[in-house]
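>
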Amino acid sequence: MAHTPGIGALLGGMDGEDLDAFLPGDERWLATVMHRWFFETGDAVGPAGIPVSCLARVFDGWTGTIVVAVDGWAHEFAPPEETSAIEVLDLIVRYGSRRGGAWSWSMRATDDLDNSGYRYRGIATISSTVPFELILSGTTRTRLGLLGTYAGQLTYSADLVFVDGDPPDLLLEENAERVSVMVPSQGLVLEGAVGAGRGGGITQASADVDRGAVGLERAEESGTVTLWAPYDELVDIEAELAHKTWDVGFGGEHSGRVRVRGLARDRRGPDITRCSLSAAVVAVSL
Amino acid sequence: MTVAYPDWLPGVAWIHARYNARYGSRFSIGADVVTWTTGGFAWPWQWFGCLTGLPPDWALDFDADGRMQMTGVSEASITATDRLLAAFGYDTVPGEVLPSAMSHPSVCPSPLSIPLQNCDPPERVDREAERQFVLDTFSRGHGDVYGGSDVWRFRNIVLDRPALRALRVGYVTGRIMVSPWSAYEHYVAEAWVPGAAGFLEGQFLGFEAGGWDDPTTRLFWRCSLLLARPTSEE
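Residue numbers (the numbering used here), protein chains in the order written: chain A, 93 to 378; chain B, 269 to 502.
1) What residues in the region 362 to 392 of chain B bring their beta carbon closer than 8 angstroms to a beta carbon of chain E?
2) Under the rule that 16 or more other beta-carbon atoms within 10 Å means buried, what is Pro-276 of chain A, buried or exposed?
3) Rounded to whole angstroms, what's the CA-CA distance from Leu-277 of chain B to Thr-365 of chain A? Just pull it up for me.
4) The ligand SAM heavy atoms versus the CB of Thr-155 of chain A: any closer than 8 angstroms?
5) Would you tell me roughly how many angstroms separate the C-alpha atoms of Tyr-291 of chain B and Leu-352 of chain B, rounded to the nearest one?
6) Start and end of the alpha helix (DSSP H) containing Ala-431 of chain B?
7) With 8 angstroms as the C-beta to C-beta threshold (strictly closer), list the residues of the region 336 to 350 of chain A near chain B in chain order.
8) Can you list, in chain order, the residues of the region 481 to 500 of chain B whose Cβ is nearer than 9 angstroms to any Cβ on chain A?
9) Pull up the distance between the alpha-carbon of Val-375 of chain B and that of Gly-357 of chain B, whole angstroms please.
10) Taking CB distances under 9 angstroms as the criterion, tell me whether Ser-345 of chain B reaches chain A.
11) Run through DSSP, which three-state label would Glu-179 of chain A get?
12) Cβ closer than 7 angstroms: which chain A residues qualify as neighbours of Arg-429 of chain B?
13) Please report the distance separating the alpha-carbon of Arg-395 of chain B from that of Thr-349 of chain B.
14) Could one say the Cβ of Asp-394 of chain B lies closer than 9 angstroms to chain A's Cβ atoms, at least one of them?
15) Secondary structure at Tyr-248 of chain A, three-state DSSP: helix, strand or coil?
16) Looking at the strands, I want to know which residues DSSP matches up with Thr-339 of chain B.
17) Which residues in the same chain have their Cβ closer than 6 angstroms to the Cβ of Ala-344 of chain A, if we skip the five residues on either side of it in sequence?
18) Exposed or buried, what is Val-281 of chain A when buried is set at 16 or more other beta-carbons lying within 10 Å of its beta-carbon?
19) Can you list, in chain order, the residues of the region 184 to 202 of chain A whose Cβ is nearer than 7 angstroms to any Cβ on chain B?
20) Along the beta strand (DSSP E) that carries Glu-225 of chain A, what are the first and last residues, could you check?
21) Considering only C-alpha positions, which residue in the set B:Leu-487, B:Glu-476, B:Met-445 is nearest to Glu-469 of chain B?
22) Excluding the 5 residues preceding and the 5 following Ile-227 of chain A in the sequence, name in chain order all residues of the same chain whose CB lies nearer than 6 angstroms to its CB.
23) Does the beta carbon of Glu-179 of chain A come closer than 9 angstroms to any beta carbon on chain B?
24) My assumption, with CB atoms under 8 angstroms, is that Ser-272 of chain A sits in contact with Ala-177 of chain A. Please give the rounded CB distance.
25) Looking only at C-alpha atoms, which of B:Thr-306, B:Ala-310, B:Phe-295 sits nearest to Thr-441 of chain B?
26) Can you tell me where the beta strand (DSSP E) holding Glu-283 of chain A begins and where it ends?
27) By Cβ distance below 6 angstroms, which residues in the same chain neighbour Ala-496 of chain B in space, the five residues on each side in sequence not counted?
28) Report all residues from its chain with a CB closer than 6 angstroms to the CB of Val-302 of chain B; omit the five preceding and five following residues, and keep chain order.
29) Return no unless some Cβ of chain B is closer than 9 angstroms to the Cβ of Ala-297 of chain A.
30) Please list the terminal residues of the continuous beta strand (DSSP E) segment that includes Leu-495 of chain B.
31) Going by DSSP in three states, Val-374 of chain A sits in which element: helix, strand or coil?
32) At a Cβ threshold of 9 angstroms, is Phe-169 of chain A touching chain B?
33) Using a C-beta cutoff of 9 angstroms, does Asp-331 of chain B count as contacting chain A?
34) Taking only beta-carbon atoms, is Gly-87 of chain A less than 9 angstroms away from chain B?
35) Which residues mark the beginning and the end of the alpha helix (DSSP H) in which Glu-174 of chain A is found?
36) For Asn-288 of chain B, is the classification buried or exposed, using 16 other Cβ atoms within 10 angstroms of its Cβ as the cut-off for buried?
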């Protein structure tokens with residue numbers, strides 16, 4: 093039977109290992125695939141087939157400054173004292189784009205197993221269509237893993253994965269290092285936890301003349317972050333997530349800030365090692 | 269590549285709000301200080317008339333997609349003294365200097381001119397039939413906020429993420445306009461009339477609950493908007 097050739101395709105997993113839809117040869121979750129198919133028009137930043145969704149821990153102690161320069165036009169700024177790698181990358185890209193070119197950042201998992209044997213830890217890449225310069229200092233430099241000298245190129249990748257030596261969480265004393273950015277190898281989805289303003293109804297409509305929109309309210313809103321990955325990776329991600337605040341990034345953009353309230357592994361079938369991880373979250377203000 | 273900043277989609281309809289002189293009043297083109305001279309409020313297409321101190325060889329204009337353009341015959345840097353430049357869609361922080369160039373286009377949607385990817389024609393809300401409005405009036409205890417005004421609902425308002433970011437600045441407040449025309453089209457149009465085929469101007473009451481078109485990518489937000497306007501105005 094004849095059919096019209098498509099401009100894209102939905103691909104199902106064929107190996108019997110999992111019922112989710114993957115691309116052959118590289119396990120990526122369908123949503124990620126669709127996102128890239130719809131919204132990416134050029135070559136991917138970094139190697140092809142990398143996950144583009146990630147979680148970045150929001151924590152304090154960000155110090156130092158970032159200088160972004162294009163063609164000698166520099167702008168220096170300091171990230172908030174409490175923030176996440178995603179938010180800082182967003183700031184770099186925004187400040188950079190005002191000096192010229194189209195900018196983007198992306199996050200991928202480490203290529204090699206790190207010292208702890210995990211692949212999901214994030215490495216950032218910052219790209220622009222014009223050569224640019226980056227100068228970082230303080231903990232911002234070490235936390236982003238951008239330890240080198242960056243000038244005159246279109247793309248810079250971090251040297252190190254995002255880890256820091258903060259005192260371990262009381263609940264997780266076995267983990268001496270806290271992972272700051274995680275890239276689940278089979279993707280993640282954030283449902284609910286909108287965190288955007290919503291109408292308070294006619295009753296609560298009142299004008300804030302200085303900056304607030306009428307009737308817009310910041311309300312606590314619950315949601316779920318679901319993560320897919322091989323079992324061992326999920327177990328480690330579960331330990332990292334704990335009761336922390338995380339920024340969620342999709343496709344090189346900050347998509348929401350959530351606080352983890354609870355975690356559950358949802359089994360898929362009789363094999364206990366086949367599961368996904370669900371984190372009950374609430375949206376928190378940016 | 270991944271979604272590159274500053275990419276954003278021009279609207280098929282727009283939410284326009286008025287600039288409040290309290291937000292900020294100056295920026296510099298080279299050494300020339302451009303000052304906002306008018307008190308009170310101004311729609312986007314009235315902005316250019318509110319500014320003085322523009323260098324003689326520089327001009328301000330809108331692009332057809334709603335983007336603002338500052339162009340001159342020689343290169344100059346632009347310094348954002350306060351939040352005025354950010355309100356035009358330049359996404360600057362106070363004190364930031366934009367590199368020397370002969371043309372400076374805005375880089376994101378203005379927080380006062382929000383592009384919409386979709387907007388259904390307005391429907392008049394039946395305040396007696398919709399229980400929530402009766403309950404709101406009841407719980408308020410002292411009448412409706414806008415008395416006997418009609419409340420209009422715009423369904424299927426769709427915003428992309430840059431538009432949402434602009435919205436969250438919080439300048440969409442008070443008297444707004446939901447319009448099929450960009451700031452540029454309002455700026456150049458001589459004869460446009462309010463009504464069903466055109467814009468609707470009124471008091472912004474707020475957005476009703478919405479959701480992401482695709483929660484896995486969170487690129488487009490769909491919601492509805494409530495607007496109040498006196499019954500006598502059609």
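Just so it is clear, CB atoms sit at the ideal spot from N, CA and C, and this is done for glycine as well.
Looking at the atomic coordinates:
1) Absent from the structure: chain E. Protein chains present are A and B.
2) buried
3) 44 angstroms
4) You won't find the ligand SAM in this model; it holds no ligand whatsoever.
5) 7 angstroms
6) 429 to 435
7) Phe-342, Gly-343, Gly-344, Glu-345, Ser-347, Gly-348
8) Asp-482, Pro-483, Thr-484, Thr-485, Arg-486, Leu-487, Trp-489, Cys-491, Ser-492, Leu-493, Leu-494, Ala-496
9) 6 angstroms
10) yes
11) helix
12) Glu-345
13) 46 angstroms
14) no
15) strand
16) B:Ala-327, B:Ser-371
17) A small fix is needed here, since residue 344 of chain A is Gly in this sequence, not Ala. For Gly-344 of chain A, where only same-chain residues beyond five positions count, the Cβ hits under 6 angstroms are Ser-196, Trp-197, Ser-198.
18) buried
19) Val-185, Arg-186, Ser-189, Arg-190, Arg-191, Gly-192, Ala-194, Trp-195, Ser-196, Ser-198
20) 214 to 228
21) B:Met-445
22) Val-159
23) no
24) 6 angstroms
25) B:Ala-310
26) 280 to 284
27) Tyr-414, Ser-417, Val-419, Gly-470, Gln-471, Leu-473
28) Phe-295, Leu-319, Gly-321, Leu-322
29) Confidence at Ala-297 of chain A is low in this model, with a pLDDT of 39, below 50, so its placement is unreliable and the value that follows should be read with caution. Interface residue, yes.
30) 488 to 497
31) strand
32) yes
33) no
34) Outside the displayed span of chain A (93 to 378) sits residue 87 of chain A, for which this structure offers no information.
35) No alpha helix (DSSP H) contains Glu-174 of chain A, which DSSP labels as neither H nor E.
36) buried
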